[in-house]
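*Asks:*
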């Protein structure tokens with residue numbers, strides 16, 4: 004648990020509510036919402052209790068409110084409609100929150116160190132070409148979760164799992180070895196050339212059964228350690244991977260480790276998995292191929308047959324993934340996978356196979372819906388894509404035009420620098436602000452929207468706070484929060500106070516979109532404060548208190564942006 008004042012207030016509210024419900028003989032979890040403006044700070048909805056208690060929600064709220072007294076941090080309790088609303092004691096909150104933010108600075112919001120080690124796997128795209136926007140959610144969600152969980156106190160390592168022995172790699176490798184390209188790619192980068200080999204080779208395989216047979220033979224050689232085949236496949240994959248990593252770095256994404264799928268074939272791990280599964284009572288052999296019967300594990304239809312080795316003895320991606328997860332379990336306390344929604348069944352099958360092997364563990368999985376084009380889902384094989392590199396460049400160029408219009412007084416170099424952080428920030432924010440389970444239809448005008456709910460809005464609030472503090476020269480270090488008495492000041496203090504618990508909730512629930520929503524709320528409230536409350540023109544202790552609030556806001560906005568993987572510019 005984090006030990007900040009708002010979280011202690013939340014804990015106190017949860018405790019008194021649990022006691023009040025118990026006295027009424029009600030068995031119900033305490034789920035708290037942020038109360039609407041003017042209605043308090045936390046709200047407990049009573050609607051879910053109506054059926055159990057056979058009373059109207061507003062009556063339940065009144066009964067609960069009348070049985071709860073104000074306490075250490077609870078200033079007032081009241082019933083409004085079907086809600087019990089709790090007001091935090093503002094004076095104690097304001098002083099402690101601002102002091103905490105000023106003392107901890109870039110660590111404000113950080114939780115206590117956790118004992119669990121987390122291995123978070125994300126991206127893990129087939130190394131057959133550049134990443135397209137359809138897969139952009141994976142690395143952006145994964146990297147943001149890693150940042151949030153580190154802030155929450157977890158020891159987090161991120162990992163890219165490279166599928167270098169699968170059919171897609173064989174198709175690309177066959178193409179590189181046997182084909183000549185009709186046209187050179189627009190970009191001078193290996194992965195843009197290799198994806199053309201991949202697409203052309205796919206077409207050849209579809210049209211010529213003899214070529215498909217050659218690819219099958221190459222796949223067999225690759226899995227059985229043929230040195231020449233392994234070497235050329237690895238070389239091609241490494242070239243593509245290096246370019247993918249460069250693209251990711253442009254989005255502020257890097258990896259702590261890379262794991263090659265071929266490792267588990269070459270060290271015998273896959274063979275050991277296959278032998279263990281063959282010995283299982285659920286294993287069935289048909290014409291030399293083996294599968295598991297998974298109907299008893301709640302899997303129905305044709306998917307009850309989970310093939311783990313083909314008739315020629317080669318393994319499947321799923322078999323190798325099983326070996327990879329066994330390796331993960333030996334290296335981490337909590338493995339987390341970021342996967343597309345099309346992998347839900349695969350994860351059910353993996354969990355069943357692990358049980359069959361006597362392994363009582365499975366990974367935590369964060370599923371996301373794909374990004375599609377208005378005309379349908381993106382496909383590297385079919386060449387119907389918008390590449391991430393194109394999106395980054397388009398976003399940066401549009402941001403540059405906006406900066407050039409607004410800031411003609413700064414140098415070209417500075418314009419380009421601001422444009423980069425604004426453009427990349429816009430991309431990351433527009434992906435992360437939408438709940439992972441919801442589908443996104445990619446439209447340029449939405450993806451590159453710099454108005455409204457956007458990264459530039461939050462970044463500009465940070466730059467504004469920096470400008471105020473630069474003009475103020477420095478803080479005296481002493482302030483009295485009792486001078487922060489306007490509604491705008493109180494609202495800003497309360498939003499800042501919630502940041503540590505937002506981080507903890509996002510980490511615990513493996514989700515990032517609430518942090519994006521919080522960033523907008525924080526920036527909007529800071530802008531309201533800036534517009535209506537004079538800071539630099541204030542005098543004496545009032546000025547010192549307001550400057551302290553601006554500095555606390557600056558660190559909170561900065562830390563929020565950093566957790567979102569977005570740069571916090573000091574000037575825009």
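Residue numbers (this note's numbering): 4 to 575.
Where a beta carbon is used, it is the ideal one built from N, C-alpha and C, also for glycine.
(1) If you scan the segment 470-537 from start to end, which runs of the alpha helix (DSSP H) of 4 or more residues do you find wholly inside it?
(2) For residue 20, does the three-state DSSP call read helix, strand or coil?
(3) Output the distance between the C-alpha atoms of residue 177 and residue 520, rounded to the nearest integer angstrom.
(4) What does a CB cutoff of less than 6 Å around residue 468 pick up in its chain, not counting 5 residues either side in sequence?
(5) If we count the other Cβ atoms within 10 Å of its Cβ and call it buried at 16 or more, is residue 498 buried or exposed?
(6) Of the residues 200, 549, 161, which one's Cα is nearest the Cα of residue 173?
(7) Closest to residue 424 by CA distance: which of 448, 442, 441, 457 is it?
(8) Check the C-beta distance from residue 121 over to residue 515 and give it rounded, since I have them as a contact under 8 Å.
(9) Relative to the alpha-carbon of residue 224, which residue among 315, 264, 209, 417 has its alpha-carbon at the smallest distance?
(10) Quick one: residues in its chain with C-beta nearer than 8 Å to the C-beta of residue 239, no 5 flanking neighbours on either side, listed in chain order?
(11) I think residue 165 touches residue 244, with their Cβ atoms under 8 Å apart; what is that distance to the nearest whole Å?
(12) Which value, in whole angstroms, describes the spacing of the CA atoms of residue 150 and residue 296?
(13) So, helix, strand or coil for residue 125, using DSSP?
(14) Give the single residue among 7, 94, 421, 465 whose Cα lies nearest to the Cα of residue 113.
(15) Looking at residue 484 and residue 530, is the spacing between their C-beta atoms short of 8 Å?
(16) Taking the C-alpha atoms as reference points, what is the distance between residue 426 and residue 147?
(17) What number of angstroms, rounded off, separates the C-alpha of residue 26 from the C-alpha of residue 15?
(18) Rounded to whole angstroms, how far is the Cβ of residue 115 from the Cβ of residue 194, which I believe are closer than 8 Å?
(19) DSSP three-state label for residue 194, please.
(20) Around the Cβ of residue 318, are there at least 16 other Cβ atoms within 10 angstroms (buried) or fewer (exposed)?
(21) At which residues does the beta strand (DSSP E) containing residue 340 begin and terminate?
(22) Under a Cβ-count criterion, where at least 16 other Cβ atoms within 10 Å of its own Cβ denotes burial, should residue 571 be classed as buried or exposed?
(23) Using alpha carbons as the reference points, say which of 60, 62, 125, 156 lies closest to residue 509.
(24) Using 10 angstroms around the beta-carbon of residue 567, count the other beta-carbons present and answer buried if the total reaches 16, otherwise exposed.
(25) Have a look at the DSSP bridge pairing and note the partners of residue 162.
(26) Between residue 312 and residue 292, is the Cβ-Cβ spacing less than 8 Å?
(27) Buried or exposed: residue 226, going by 16 or more other Cβ atoms within 10 Å of its Cβ?
(28) Touching or not, the segment 60-75 and the segment 86-103, by the rule of three or more beta carbon pairs under 8 Å?
(29) Can you tell me where the alpha helix (DSSP H) with residue 248 in it begins and where it stops?
(30) Tell me which same chain residues have a C-beta within less than 8 Å of the C-beta of residue 560, skipping the five on either side of it?
(31) Helix, strand or coil: which one does DSSP assign to residue 363?
(32) What did DSSP end up calling residue 83 once you bin it into helix, strand or coil?
(33) Identify the continuous beta strand (DSSP E) that holds residue 50 and give its terminal residues.
(34) Using CA coordinates, which residue listed in 160, 344, 215 is at the minimum distance from residue 258?
(35) What residues in its chain sit with their C-beta under 7 Å from that of residue 11, if we drop five residues either side in the sequence?
(36) Answer yes or no: does any C-beta atom of chain B fall closer than 8 Å to that of residue 91?
*Replies:* With the structure as the only source:
(1) 490-500, 502-512, 516-535
(2) For this step, residue 20 is matched to residue 17 along the chain shown. Correct three-state label for residue 20: helix.
(3) Here residue 177 refers to the residue found at position 174 of the chain shown. Here residue 520 refers to the residue found at position 517 of the chain shown. Approximately 47 Å between the Cα atoms of the pair.
(4) Numbered from 1 along the chain shown, position 465 holds the residue referred to as residue 468. These residues qualify, in order along the chain: 553, 556, 557.
(5) Mapped onto the chain shown, residue 498 falls at position 495. Burial call: buried.
(6) Stepping through the chain shown from its first residue, residue 173 is reached at position 170. Taking only the C-alpha atoms, the option nearest residue 173 is 200.
(7) Residue 424 sits at position 421 when you count from the first residue of the chain shown. Closest option to residue 424, Cα to Cα, is 457.
(8) As a first step, residue 121 is located in the chain shown; it is residue number 118 there, counting from the start. As a first step, residue 515 is located in the chain shown; it is residue number 512 there, counting from the start. Actually they are not in contact, since the Cβ atoms of residue 121 and residue 515 sit about 15 Å apart, beyond 8 Å.
(9) The residue you call residue 224 lines up with position 221 of the chain shown. The shortest C-alpha separation from residue 224 is found at 315.
(10) Locating residue 239 in the chain shown gives position 236, where the first residue counts as 1. Excluding sequence neighbours, residue 239 sits near 130, 172, 175, 176, 179, 197.
(11) Within the chain shown, numbered from 1, the residue matching residue 165 stands at position 162. Within the chain shown, numbered from 1, the residue matching residue 244 stands at position 241. About 6 Å separates the two Cβ atoms, so the contact holds.
(12) On the chain shown, residue 150 is found 147 positions in, with the first residue counted as 1. On the chain shown, residue 296 is found 293 positions in, with the first residue counted as 1. Computed Cα separation, rounded: 40 Å.
(13) Translated into the one-based positions of the chain shown, residue 125 becomes position 122. Correct three-state label for residue 125: coil.
(14) On the chain shown, position 110 is the one that residue 113 refers to. When only C-alpha atoms are compared, the closest one is 7.
(15) Locating residue 530 in the chain shown gives position 527, counting from the first residue. Locating residue 484 in the chain shown gives position 481, counting from the first residue. Cβ atoms of residue 530 and residue 484: not closer than 8 Å.
(16) Locating residue 426 in the chain shown gives position 423, where the first residue counts as 1. Locating residue 147 in the chain shown gives position 144, where the first residue counts as 1. Approximately 17 Å between the Cα atoms of the pair.
(17) Within the chain shown, residue 26 is the residue found at index 23, counting from 1. Within the chain shown, residue 15 is the residue found at index 12, counting from 1. Approximately 17 Å between the Cα atoms of the pair.
(18) The residue labelled residue 115 in the question sits at position 112 within the chain shown. The residue labelled residue 194 in the question sits at position 191 within the chain shown. Their Cβ separation, rounded to whole angstroms, is 42 Å, which puts residue 115 and residue 194 out of contact at 8 Å.
(19) By 1-based counting over the chain shown, the position of residue 194 is 191. Residue state, collapsed to three classes: helix.
(20) Translated into the one-based positions of the chain shown, residue 318 becomes position 315. That one is buried.
(21) Reading the chain shown from its first residue, position 337 is the one you call residue 340. From DSSP, the beta strand (DSSP E) with residue 340 extends over 337-343.
(22) Residue numbering aside, residue 571 sits at position 568 when the chain shown is read from its first letter. Burial call: buried.
(23) Sequence index remark: in the chain shown, residue 509 carries index 506 (1-based). Selected option, being the one with the closest Cα: 156.
(24) Position 564 of the chain shown, counted from the first residue, corresponds to residue 567. Taking every protein chain shown into account, the CB of residue 567 has 16 or more other CB atoms within 10 angstroms, so this residue is buried.
(25) Locating residue 162 in the chain shown gives position 159, counting from the first residue. BP columns for residue 162 point to 124, 260.
(26) Locating residue 312 in the chain shown gives position 309, where the first residue counts as 1. Locating residue 292 in the chain shown gives position 289, where the first residue counts as 1. It is a contact, given that the beta carbons lie within the stated cut-off.
(27) Within the chain shown, residue 226 is the residue found at index 223, counting from 1. With at least 16 other beta carbons inside 10 angstroms of its own, residue 226 counts as buried.
(28) yes
(29) Position 245 of the chain shown, counted from the start, is the residue given in the question as residue 248. Here the alpha helix (DSSP H) through residue 248 covers 230-253.
(30) For the purposes of this step, residue 560 is taken as residue 557 along the chain shown, with counting starting at 1. 461, 464, 465, 468, 522, 525, 526, 529, 571, listed in sequence order.
(31) Numbered from 1 along the chain shown, position 360 holds the residue referred to as residue 363. Here residue 363 sits in coil by DSSP.
(32) If you number the chain shown from 1, residue 83 lands on position 80. Residue 83 falls in the strand class under three-state DSSP.
(33) Here residue 50 is taken as the residue at index 47 of the chain shown, counted from 1. Neither: residue 50 is in no beta strand (DSSP E) and is coded neither H nor E.
(34) Start at 1 with the first residue of the chain shown, and residue 258 comes out as number 255. The closest CA to that of residue 258, considering only 160, 344, 215, is found on 160.
(35) What you label residue 11 is simply residue 8 of the chain shown in a count that begins at 1. Excluding sequence neighbours, residue 11 sits near 76.
(36) Structure shown: chain B not included; a single protein chain is present.
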